[in-house]
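Participant: Please see the structure below; I have some questions.
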Amino acid sequence: PALHLKTTILRSNRIENVVFRDNIVYNTSMFILVETDYQVNHQDVPLHYNKTMVRNIVFQNNQALGEAIGANFNCSKQDPCHEIRVVNKTIAKAAAMDPNNTIINPWSCHYIDSYQVEGNTPGGLEECMAASMNPSLAVWNRTNSSIHPMTTIAMHT
4 PALHLKTTIL
14 RSNRIENVVF
24 RDNIVYNTSM
34 FILVETDYQV
44 NHQDVPLHYN
54 KTMVRNIVFQ
64 NNQALGEAIG
74 ANFNCSKQDP
84 CHEIRVVNKT
94 IAKAAAMDPN
104 NTIINPWSCH
114 YIDSYQVEGN
124 TPGGLEECMA
134 ASMNPSLAVW
144 NRTNSSIHPM
154 TTIAMHT
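Below, the structure is given as C-alpha coordinates:
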(Lines of atoms letter the chains of each structure in order from A and count residues from 1; the text may use other names and numbers.)
(Lines give C-alpha, C1' and ligand atoms only; values in the text may rest on other atoms or scores of the structure.)
Protein backbone atom coordinates (compact mmCIF):
# COMPACT_ATOMS: atom_id res chain seq x y z
CA PRO A 1 0.00 0.00 0.00
CA ALA A 2 1.11 3.52 -0.76
CA LEU A 3 -0.75 5.70 1.76
CA HIS A 4 -1.10 3.29 4.66
CA LEU A 5 -2.37 3.89 8.17
CA LYS A 6 -2.65 0.82 10.35
CA THR A 7 -3.12 -0.17 13.94
CA THR A 8 -4.66 -3.01 15.85
CA ILE A 9 -7.63 -2.30 18.07
CA LEU A 10 -5.81 -3.73 21.08
CA ARG A 11 -3.00 -1.14 21.00
CA SER A 12 -5.20 1.60 22.44
CA ASN A 13 -4.41 5.33 22.47
CA ARG A 14 -5.10 7.37 19.34
CA ILE A 15 -4.12 8.20 15.80
CA GLU A 16 -5.34 11.68 14.95
CA ASN A 17 -4.58 14.81 12.97
CA VAL A 18 -2.79 12.99 10.15
CA VAL A 19 -2.62 14.56 6.67
CA PHE A 20 -1.64 12.81 3.43
CA ARG A 21 -1.34 15.70 0.93
CA ASP A 22 -0.12 16.11 -2.66
CA ASN A 23 1.13 12.57 -3.22
CA ILE A 24 1.40 10.95 -6.65
CA VAL A 25 1.49 7.17 -6.59
CA TYR A 26 2.23 4.88 -9.55
CA ASN A 27 1.49 1.19 -10.10
CA THR A 28 0.36 -0.10 -6.71
CA SER A 29 -2.50 -2.47 -6.00
CA MET A 30 -3.64 -0.45 -2.98
CA PHE A 31 -3.52 3.34 -3.21
CA ILE A 32 -5.00 4.05 0.25
CA LEU A 33 -5.32 1.54 3.05
CA VAL A 34 -6.67 2.46 6.47
CA GLU A 35 -6.93 -0.57 8.73
CA THR A 36 -7.73 -0.40 12.41
CA ASP A 37 -7.96 -4.13 13.03
CA TYR A 38 -4.58 -5.12 11.64
CA GLN A 39 -3.71 -8.71 12.63
CA VAL A 40 -7.01 -9.16 14.49
CA ASN A 41 -9.00 -10.46 11.50
CA HIS A 42 -12.33 -8.94 12.56
CA GLN A 43 -12.41 -10.82 15.88
CA ASP A 44 -14.47 -9.44 18.73
CA VAL A 45 -12.38 -7.83 21.42
CA PRO A 46 -12.82 -8.21 25.19
CA LEU A 47 -15.20 -5.90 27.00
CA HIS A 48 -13.64 -2.81 28.59
CA TYR A 49 -10.49 -2.83 26.50
CA ASN A 50 -8.68 0.42 25.80
CA LYS A 51 -9.84 1.52 22.38
CA THR A 52 -7.71 3.00 19.63
CA MET A 53 -9.32 6.27 18.50
CA VAL A 54 -8.77 7.10 14.82
CA ARG A 55 -9.97 10.57 13.91
CA ASN A 56 -9.25 13.65 11.82
CA ILE A 57 -7.45 11.84 9.00
CA VAL A 58 -7.15 13.86 5.78
CA PHE A 59 -6.38 12.67 2.25
CA GLN A 60 -6.06 15.77 0.06
CA ASN A 61 -4.96 16.25 -3.58
CA ASN A 62 -3.56 12.73 -3.97
CA GLN A 63 -3.34 10.91 -7.30
CA ALA A 64 -3.09 7.25 -8.24
CA LEU A 65 -1.67 6.95 -11.76
CA GLY A 66 -0.71 4.12 -14.08
CA GLU A 67 -1.92 0.80 -12.71
CA ALA A 68 -2.47 2.13 -9.18
CA ILE A 69 -5.95 1.36 -7.88
CA GLY A 70 -7.84 0.70 -4.67
CA ALA A 71 -8.87 2.72 -1.64
CA ASN A 72 -9.90 0.77 1.44
CA PHE A 73 -11.10 2.56 4.56
CA ASN A 74 -11.34 -0.45 6.88
CA CYS A 75 -12.21 0.67 10.39
CA SER A 76 -13.46 -1.59 13.15
CA LYS A 77 -17.02 -2.13 14.29
CA GLN A 78 -15.88 -1.68 17.88
CA ASP A 79 -13.86 1.44 17.00
CA PRO A 80 -15.29 3.26 14.00
CA CYS A 81 -13.20 6.03 12.45
CA HIS A 82 -14.24 9.64 12.87
CA GLU A 83 -13.69 12.76 10.77
CA ILE A 84 -12.22 11.08 7.70
CA ARG A 85 -11.77 13.67 4.95
CA VAL A 86 -11.04 12.73 1.33
CA VAL A 87 -10.75 15.71 -1.03
CA ASN A 88 -9.66 15.97 -4.67
CA LYS A 89 -8.37 12.43 -4.97
CA THR A 90 -7.99 10.84 -8.40
CA ILE A 91 -7.68 7.16 -9.21
CA ALA A 92 -7.01 7.40 -12.94
CA LYS A 93 -7.36 3.71 -13.82
CA ALA A 94 -10.67 3.39 -11.97
CA ALA A 95 -12.05 6.44 -13.77
CA ALA A 96 -11.46 4.75 -17.15
CA MET A 97 -14.08 2.47 -18.66
CA ASP A 98 -13.49 -1.26 -18.57
CA PRO A 99 -14.40 -3.42 -21.63
CA ASN A 100 -17.98 -3.85 -20.32
CA ASN A 101 -18.50 -0.08 -20.32
CA THR A 102 -18.65 0.15 -16.52
CA ILE A 103 -16.47 2.00 -14.06
CA ILE A 104 -13.99 0.02 -11.98
CA ASN A 105 -15.09 0.61 -8.38
CA PRO A 106 -12.02 1.37 -6.24
CA TRP A 107 -13.87 2.26 -3.02
CA SER A 108 -14.31 0.03 0.02
CA CYS A 109 -15.58 1.55 3.28
CA HIS A 110 -16.16 -0.05 6.68
CA TYR A 111 -17.34 1.72 9.86
CA ILE A 112 -16.68 5.37 9.05
CA ASP A 113 -18.74 7.30 11.61
CA SER A 114 -18.16 10.82 10.26
CA TYR A 115 -16.62 11.99 7.02
CA GLN A 116 -16.31 14.63 4.34
CA VAL A 117 -15.73 13.78 0.68
CA GLU A 118 -15.43 16.25 -2.17
CA GLY A 119 -14.12 16.32 -5.73
CA ASN A 120 -12.99 12.69 -5.97
CA THR A 121 -12.65 10.77 -9.24
CA PRO A 122 -14.33 8.42 -9.91
CA GLY A 123 -17.50 9.22 -7.97
CA GLY A 124 -19.07 6.79 -5.53
CA LEU A 125 -17.05 7.50 -2.40
CA GLU A 126 -19.94 9.41 -0.82
CA GLU A 127 -22.22 6.37 -1.14
CA CYS A 128 -19.50 4.09 0.12
CA MET A 129 -18.93 6.18 3.25
CA ALA A 130 -22.67 6.60 3.86
CA ALA A 131 -23.20 2.83 3.76
CA SER A 132 -20.13 1.99 5.84
CA MET A 133 -21.86 1.76 9.23
CA ASN A 134 -24.13 -0.97 7.82
CA PRO A 135 -21.87 -3.98 7.07
CA SER A 136 -24.26 -5.41 4.49
CA LEU A 137 -23.81 -2.22 2.42
CA ALA A 138 -20.13 -1.58 3.16
CA VAL A 139 -18.85 -2.03 -0.38
CA TRP A 140 -20.77 0.20 -2.76
CA ASN A 141 -21.19 -1.25 -6.24
CA ARG A 142 -22.19 1.03 -9.05
CA THR A 143 -22.14 1.37 -12.81
CA ASN A 144 -21.13 4.28 -14.96
CA SER A 145 -24.27 6.30 -14.21
CA SER A 146 -23.98 9.74 -12.62
CA ILE A 147 -20.21 10.00 -12.58
CA HIS A 148 -19.40 13.35 -11.00
CA PRO A 149 -17.58 14.77 -8.00
CA MET A 150 -19.67 14.55 -4.85
CA THR A 151 -19.69 16.54 -1.67
CA THR A 152 -21.14 15.60 1.68
CA ILE A 153 -20.57 16.06 5.34
CA ALA A 154 -22.21 13.36 7.38
CA MET A 155 -22.19 12.09 10.91
CA HIS A 156 -23.82 8.89 12.10
CA THR A 157 -25.14 8.70 15.64
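End of the sequence shown = 160 in the numbering used here, gap-free, step of one. Backbone N, C-alpha and C fix where the C-beta goes; we use that ideal spot for every residue, glycine too.
Are Phe-23 and Gly-73 close, meaning C-beta to C-beta below 7 Å?
Facilitator: Contact: no.
Participant: Where do the ends of the alpha helix (DSSP H) carrying Met-132 lie?
Facilitator: Taken as a continuous stretch (DSSP letters only), the alpha helix (DSSP H) holding Met-132 covers 128–134.
Participant: Report yes if the CB atom of Asn-26 is closer than 7 Å to the CB atom of Gly-69, and no otherwise.
Facilitator: No, the pair does not count as a contact, with Cβ atoms beyond the cut-off.
Participant: Please say whether Glu-38 and Arg-58 have beta carbons closer to each other than 7 Å?
Facilitator: Contact: no.
Participant: Ser-111 and Asn-75 - do their beta-carbons sit closer together than 7 Å?
Facilitator: Going by C-beta atoms, Asn-75 is nearer than 7 Å to Ser-111.
Participant: I'd like to confirm the pairing. Which residues does DSSP put opposite Asn-75 in its beta bridges?
Facilitator: For Asn-75, which the question treats as bridged, DSSP gives the partners Leu-36, Ser-111.
Participant: For the beta strand (DSSP E) that Lys-9 lies in, which residues bound it at each end?
Facilitator: Unbroken beta strand (DSSP E) run through Lys-9: 6–9.
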